[in-house]
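Numbering (the UniProt record's numbering), first residue to last: 1 to 895. See below for the structure under consideration.
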Amino acid sequence: MNLHATECDTEPVVGEFLPPPYEDPHVLRQFQELIARVSEAIMPVWPLKDYIAVNPLAGLSERSFGETREYLRIVSDCETLMPLAYYAEQFVEGELGIAEIEAALSELAESEEAGQTPWTVEQVVQTLQDAYAKKQGDNESPVRKRHRIRTMAETCDASLATSWQETIVDEISKHLAAHYDEGQATWKSPWKDLTLFQAWRSAASKDLSMEIAGLPGFREYVSSLPGSARSALLKCLSDLRIPRSLWESFLLCQALSIPGWAAWTRYQDQQQAEVSDADHFLGLLAIRLAYDAGLGRGLNIQFNWGFYGNAESAVLPKESAAEVRDARLRQLLLRATEIRYRETLLGSLSPAELSESVDRESAGETVSTDRKLAQLAFCIDVRSERFRRNLERVSDEVETFGVAGFFGMPIESIELGGCEGDHHVPALLKPSLRVRETLSADAQQPEPTTVESRQRCRDWRALWQSFQTSAVGCFSFVETTGLWYGVKFAKWVLGFPVADPSEGRWDGIHRRDRDKVALAIDPTDLQTLGEKEQVQLAASMLGAVGLKSDFARLVVLCGHASQSANNPLAAALDCGACGGHSGEPNARLAAMLLNRPEVRRGLSEQGIEIPEDTCFVAALHNTTTDQLEFFDQDSMPSRVSADLDQLKAMAEQAGLQTRQERHVETAAQAGESSNADTLVQQLATDWSEVRPEWGLAGNAGFVAGPRSWTRGANLDGRSFLHSYDHRQDEDGTVLETIMTAPMVVAHWINMQYYASVADHGRFGSGSKAVHNVVGQFGILSGNGGDLKTGMAWQSIHNGKRFQHHPLRLQSVIVAPREKIQAVIDTHAVVRNLLAGGWMHLIAIDQGRAFRYGHDGRWRSLGDLGRLQSDTQGSQNRRERENARPPQPTFAASDA
């Protein structure tokens with residue numbers, strides 16, 4: 001049987017195939033370089049307990065945003081642009097207007113020859129009208145198109161109406177789930193001590209599944225493969241007769257045919273890179289290719305690769321002119337929606353505040369104010385924006401700051417009695433300091449006794465779980481305890497209050513000692529973390545916050561965490577800067593260091609004078625309930641009590657206002673008008689709730705500048721807010737850190753949400769209702785298929801429409817353009833993101849806004865005061881238009 005690849009107008013290749021793969025060192029060297037490039041194109045996915053959002057396309061970000069889509073469409077059917085119907089609906093509903101389309105066309109003309117664009121405004125409007133009138137397609141799902149380089153299984157399915165691709169993915173999931181299991185499976189894989197490929201080869205050579213599915217001789221073929229993943233992969237490439245010119249594209253196609261497990265093996269390689277020559281990803285490629293080669297051999301299929309062109313040029317068939325034009329139009333409309341948000345963001349600042357800030361900046365001085373009661377540093381997370389705004393609205397005696405939520409503390413936090421801990425640092429960093437939970441001296445029970453009791457509890461719990469899931473014990477378990485569990489289950493279903501399992505069950509810590517758990521630096525790290533190093537940590541943290549003088553009586557470091565029940569993806573709602581964990585230990589350690597007299601003396605020598613009556617306090621912002629919890633109050637001086645009580649009352653009022661603000665979303669989600677406080681508590685503790693909170697849905701902006709530029713502005717919980725004052729950063733090191741770390745992490749988060757919406761089937765994780773945890777590290781949708789990555793459907797969609805609209809991150813930095821340009825010139829990562837259109841950048845320089853173009857030039861957007869007036873006028877016009885009955889179509893002149 002002969003199957004052809006997609007045809008193009010070139011002559012077939014004659015005899016251009018692999019040389020003997022095990023004898024040519026030149027081939028092997030090229031092969032290793034090729035595998036490295038394919039590997040780098042796949043972004044890792046973190047395990048559930050450490051889950052963080054990442055840009056799934058970051059490995060291709062050296063290409064532009066548009067070029068990446070074109071490249072991916074060659075080797076996969078994924079999509080990075082929303083369908084035209086989505087933008088048509090946005091246009092009709094007033095979320096996209098004529099002005100934004102004109103501005104997008106103007107930007108497009110900058111990159112076109114002779115400044116010409118393929119469309120006029122009228123043509124774009126007419127296209128949107130036609131698309132809306134015809135209701136063509138689903139405005140939420142991408143249109144699937146067969147890619148030009150496909151796996152053998154995909155080609156067979158397309159030509160023979162089979163389902164080999166699905167079968168192969170299920171088989172790979174079965175084997176990898178067993179190999180990487182972290183304690184969930186009752187029966188362990190007997191080959192876990194082997195490499196991934198060796199373990200699969202041992203199992204697959206005995207497994208009848210593929211032959212039962214209709215593929216004869218598969219076990220025999222697997223047994224014939226070499227023992228190493230590299231040699232096996234080369235043999236499969238030779239058996240499939242893949243021209244060397246297509247190796248890279250074909251192997252990337254193989255990886256993208258099972259992207260979840262590809263991302264997981266990349267994570268494994270990344271974690272083990274320092275201790276061994278990890279080959280998890282290489283092993284997966286060998287496994288995936290072995291199924292294709294076995295398929296071709298078993299079904300006697302000969303694939304003709306000649307239609308792809310000669311080996312030197314590797315000419316590939318291009319998309320049609322109509323397809324290219326459609327993609328460019330949709331990218332234009334994406335830019336138009338981003339411009340709408342940009343104008344709203346820039347226009348949110350008050351002209352009075354702007355003029356005052358510009359006057360201060362030009363004078364080079366700061367207006368003195370009365371000493372604040374409290375200064376609170378929050379994570380830059382978009383969920384902090386609402387709470388900060390409402391807290392400052394409650395009282396002008398408080399001031400808030402934004403900083404990366406790990407507070408510059410690169411720690412591994414080990415719980416009481418534990419041996420290993422969680423990494424509370426951004427994914428770009430590794431912990432250099434360990435902290436351990438301890439019990440304070442006034443605890444009811446000595447620490448050694450508590451640790452021993454806790455270990456016994458864990459041992460008994462593990463034994464009980466083993467009994468529940470064993471082949472024999474599971475039956476007697478159900479017979480004995482089924483009725484009791486049935487009553488508990490009924491309470492959950494009927495909405496009766498049920499104690500939080502984490503609070504209700506015995507974990508070895510005496511209930512009266514729960515508040516006595518403190519943090520201490522690991523004794524082994526104390527030897528290297530001397531007084532000088534502690535001072536440096538504290539100084540770096542204060543520098544990142546921009547707080548070096550005018551300290552309030554209370555300085556509160558607010559980490560954040562979420563609260564939900566029965567949620568495998570809970571880490572996605574926690575602090576990304578803390579590696580998908582709570583920011584509590586980071587805040588507590590930072591406060592502890594800054595309260596030490598020896599650290600303050602060291603800071604004083606660096607010119608940072610902290611008043612004696614200033615007390616640093618650690619707190620935790622619960623982003624689900626918008627409540628603040630304060631820690632280590634027993635160790636605070638008595639003089640702090642009155643101020644802290646006053647701050648607690650303010651925080652409670654701010655939390656109430658924030659919950660009421662969010663109530664519009666959560667009440668609509670619940671389909672009822674229940675009390676805001678009652679509803680958020682239900683969402684936090686309901687085991688069946690698939691939307692405990694919206695997380696970072698809606699994120700679209702990143703602002704780095706003094707709080708005076710955003711204070712009082714309602715940014716609708718959509719912007720990351722990082723404090724920065726360029727006047728305190730003469731050498732630009734703080735700005736460099738912000739642009740290369742927090743801004744890049746914000747971009748990762750933004751693109752994770754973007755991709756999960758643009759193509760949920762490829763980059764999202766499906767519905768939470770059918771999620772199944774696999775191996776304690778990942779999730780499957782149902783009982784098979786690929787490992788899922790990205791955001792769940794319920795995290796981006798409210799059941800009626802998208803809660804998150806895909807926009808690339810708009811960064812705004814209040815600083816001279818020269819300082820910003822210096823960072824761009826120094827760091828290729830930042831330069832590629834901006835030049836490639838992966839994110840956008842605005843500089844606010846002396847009260848004027850400047851846009852950084854893809855060509856590296858700055859272009860003025862005008863005075864911010866005028867932009868604010870223009871935005872307010874546009875909003876008023878949209879409100880008037882929305883008050884009228886919706887019109888099915890309208891011409892450009894109507895706007």
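Note that CB positions come from ideal geometry on N, CA and C, so glycine has one too. Since the structure is predicted, the reported quantities are computational estimates derived from the model, not experimental observations.
In the three-state reduction of the DSSP assignment, G784 falls in the strand class, which pools E and B. Taking C-alpha positions only, E818 is separated from E730 by approximately 12 Å. Counting only unbroken stretches of 4 or more residues, the alpha helix (DSSP H) elements lying wholly within the stretch 169-230 are 196-204, 209-212, 218-224, in sequence order. DSSP lists H621 as the bridge partner or partners of L628. Annotation: the continuous beta strand (DSSP E) that includes W858 extends over 858-863. In terms of Cβ geometry, G782 and A185 do not form a close pair [threshold 9 Å]. Across the structure, R69 and T80 are spaced so that their CA atoms are roughly 6 Å apart. In summary, E182 is exposed, with fewer than 16 beta-carbon neighbours lying within 10 Å of its beta-carbon over all protein chains present. Taking the C-beta atoms as reference points, A697 is found no nearer than 9 Å to F407. Secondary structure at S64: coil, using DSSP grouped into helix, strand and coil. Secondary structure remark: continuous beta strand (DSSP E) runs of at least 3 residues inside the stretch 543-621, in chain order: 554-561. Listed in chain order, the non-local C-beta contacts of W264 below 6 Å within the same chain comprise V45, L787, local neighbours out to five positions each way being set aside.
For D729, the three-state secondary structure derived from DSSP is coil.
Residue state for S767 is assigned as coil, using DSSP reduced to three classes. A Cβ-Cβ distance of about 7 Å is found for the pair Q646 and L373, placing them in contact under the 8 Å criterion.
A straight line joining the alpha-carbon of A41 with that of R201 spans about 26 Å.
A straight-line Cα-Cα distance of about 6 Å links R63 and G836. Per the coordinates, the alpha-carbon of L57 lies some 11 Å from the alpha-carbon of Y71. Rounded to the nearest angstrom, the gap between the Cα atoms of H726 and R848 is 16 Å.
Here L573 has S562, G695 as same chain residues with Cβ atoms under 6 Å from its own Cβ, once five neighbours each way along the sequence are excluded.
With contact defined as three or more Cβ pairs closer than 8 Å, the stretch 820-828 and the stretch 293-306 are not in contact. Here A158 carries a helix assignment [DSSP, helix/strand/coil]. For T400, there is no enclosing alpha helix (DSSP H); the residue is found in the beta strand (DSSP E) stretching over 398-403. In the pairwise beta carbon analysis, the stretch 536-549 is classified as touching the stretch 607-615: at least three pairs are separated by under 8 Å. Sixteen is the threshold: when 16 or more other Cβ atoms of the shown chains lie within 10 Å of the Cβ of D422, as they do, the residue is buried. P243 places its beta carbon 9 Å or farther from that of K235. Residue pairing of S413 in beta bridges, as defined by DSSP: D422, V435.
Residue D632 holds the alpha-carbon nearest to the alpha-carbon of A591 among D632, A704, G602. Going by C-alpha positions, K188 is about 29 Å away from L416. The shortest C-alpha to C-alpha distance from E93 to any of T120, Y132, R386 is the one to Y132.
In the DSSP assignment, the residues bridged to N772 are L780.
If you draw a straight line from the Cα of S163 to the Cα of A153, it comes to about 8 Å. The count of Cβ pairs closer than 8 Å, one atom from the stretch 701-717 and one from the stretch 733-750, reaches three, so the stretches are in contact. In this structure, DSSP gives Y852 an extended state, which the three-state scheme calls strand. When Cβ pairs closer than 8 Å are counted between the two stretches, the stretch 212-232 is seen not to touch the stretch 46-56, the count staying below three.
Around the beta-carbon of P190, fewer than 16 other beta-carbon atoms lie within 10 Å, marking it exposed.
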